[in-house]
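Asker: In this note's numbering, the protein residues as written are 2 to 403.
In this text, a Cβ means the ideal position worked out from N, Cα and C, and glycines have one as well.
Note that the structure is a prediction, hence the values are computed from the model and not measured.
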């Protein structure tokens, strides 16, 4: 067996980003930019008004002044009125600044009557004008490669007229559950049978990570059936299996993977839950063999599979950041292996606090349902006191300390 950190490091060292593709900008949110984007033009493209008001010459407004209205300019208006000495042009937000103008006075600072506008106070040059290139200049790098595209980046790309965006390809992840006891969701349950919930939960986790699950269904505990399903799964970008990887009489997954020339990078990790986890490679594609227990499969997906998939899809920081949380109750564990405890995390007095979400037995799925974090407890320690700070991986960012 190998330590947790070594196992994860081996995985991340072996996987590499997938190739890129161009997608419509409406489908680019959450994807990772594969190529840097440089501004093809200045933004704004012209000097424009930052307010609804009056375009003026600041030299005419050294103090209170009455200016003759000689024009009107709306956003998108092709008319090009000029501002001559002693005059003003009514202007709307976003409209190009008229020739001769060097300031804009907002409506609320003026009074209009009889074809004139009264300016109540002195006006400074450049007031309420957004200047060409003030935001971005042509040639500037505005979004570096490796950026996860959020609505602000989408807005910037759209502003430059980019209808298609170069992003890293989504990983296609084949998903296979194994075991004679499994039946698919919706099928009748006979004695000794259980629903194949791992396919459903792991498919949801794959989609949540931004990848695309490819469902292979169930492989019974028969080598020929397993071989066919795994061979099919190896055509995807990655393969995830659940169950059949321990040391039981009918645990054939490792044996079949070896027969199909999948290189075993490791089998068994010094962790709880998830000890029988295995990882291999086939033609540059990762193969994850997770435990069959639903809690163990979700935890090992979180700490091993998700970071690998994120790296494959170009994420610059594939590992979730650990936060420090104040432990609100004592914990005792056995030495020798890292433990992942399911915890509830909240913010108290400006910092994270963590409680056990319930019974940590891996047979208790409800504890996973109630958790929004995983406490990562190092192998060498056994006792953790209430009040000390521990490392927690947040599953869902529901609150942030001050």
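1) Using a Cβ-Cβ cut-off of 7 angstroms (strictly less than) and excluding sequence neighbours within five positions of residue 49, which residues of its own chain qualify?
2) For a test of the three-state rule: what should DSSP assign to residue 75, helix, strand or coil?
3) Just tell me which of 223, 283, 385, 210 has its CA closest to the CA of residue 397.
4) Should the segment 343-359 be regarded as contacting the segment 384-395, the criterion being three or more beta carbon pairs within less than 8 angstroms?
5) Take residue 203 and list the residues in its own chain whose beta-carbon comes closer than 7 angstroms to its own, dropping the five residues that flank it on each side.
6) Do residue 164 and residue 26 come within 7 angstroms of each other at the CB atom, strictly closer than that value?
7) Using a threshold of 7 angstroms, state whether the C-beta atoms of residue 51 and residue 84 are closer than that.
8) Report buried or exposed for residue 312, applying the criterion of at least 16 other Cβ atoms within 10 angstroms of its Cβ.
9) For the 8 angstroms Cβ check, are there 3 or more pairs between the segment 321-339 and the segment 268-285?
10) From the DSSP output, which residues share a beta bridge with residue 106?
11) Any idea which residues DSSP pairs residue 49 with across the strands?
12) Helix, strand or coil, according to DSSP, for residue 276 in the structure here?
13) Counting only the same chain and skipping the five closest in sequence on each side, list residues whose C-beta sits under 8 angstroms from that of residue 23.
14) Out of 147, 161, 107, which one is the CA nearest neighbour of residue 53?
15) Just the Cα atoms here: how many angstroms apart are residue 328 and residue 39?
16) Residue 140: buried (16+ other C-beta within 10 angstroms of its C-beta) or exposed?
17) First and last residue of the beta strand (DSSP E) that includes residue 343?
18) In terms of residues, what are the limits of the beta strand (DSSP E) holding residue 357?
19) Using 8 angstroms as the threshold, is the segment 119-128 in touch with the segment 56-73, meaning 3 or more CB pairs across them?
20) In angstroms with no decimal places, state the Cα-to-Cα distance between residue 295 and residue 41.
21) Mind checking who residue 265 pairs with in its DSSP beta bridge?
22) Can you tell me the Cα-Cα spacing of residue 100 and residue 93, whole angstroms?
23) Does the Cβ-Cβ distance between residue 208 and residue 197 come in under 7 angstroms?
24) Sort 334, 331, 278 by Cα distance to residue 2 and report the nearest one.
25) Report yes if the CB atom of residue 86 is closer than 7 angstroms to the CB atom of residue 74, and no otherwise.
26) How would you call residue 187, buried or exposed, if buried means at least 16 neighbouring beta carbons within 10 angstroms?
27) Residue 146 and residue 173: beta carbons closer than 7 angstroms?
28) To the nearest angstrom, how far is the alpha carbon of residue 18 from that of residue 305?
29) Using only CA atoms, which one of 231, 105, 78 lies nearest to residue 62?
30) In whole angstroms, what separates the C-alpha of residue 346 from that of residue 384?
31) Could you check whether residue 289 and residue 266 sit closer than 7 angstroms to each other, using their CB atoms as the reference points?
32) Taking just the CA atoms, how far does residue 6 sit from residue 381?
33) So, with DSSP's three-state summary, where would you put residue 191?
34) Please state whether DSSP places residue 318 in a helix, a strand or coil.
35) Please determine, among 369, 171, 190, the residue with the shortest C-alpha to C-alpha distance to residue 29.
Answerer: So, from the data block:
1) 95, 96, 97, 98, 131
2) coil
3) 210
4) yes
5) 176, 241, 243, 298, 302
6) Between residue 26 and residue 164, the C-beta spacing is below 7 angstroms.
7) no
8) buried
9) Yes: the two stretches touch, three or more of their Cβ pairs being nearer than 8 angstroms.
10) 55
11) 97, 131
12) coil
13) 165, 166, 167, 168
14) 107
15) 46 angstroms
16) Of the residues assessed, residue 140 falls on the exposed side of the cut-off, its CB having fewer than 16 other CB atoms within 10 angstroms.
17) 339-349
18) 352-357
19) yes
20) 50 angstroms
21) In the DSSP output, where bridge partners are listed per residue, residue 265 has 281.
22) 15 angstroms
23) no
24) 278
25) no
26) The residue in question, residue 187, is exposed, as its Cβ has fewer than 16 Cβ neighbours within 10 Å.
27) no
28) 16 angstroms
29) 105
30) Each residue's alpha carbon lies about 20 angstroms from the other.
31) no
32) Approximately 13 angstroms, taken between the alpha carbons.
33) coil
34) Collapsing the DSSP output to three states places residue 318 in coil.
35) 171
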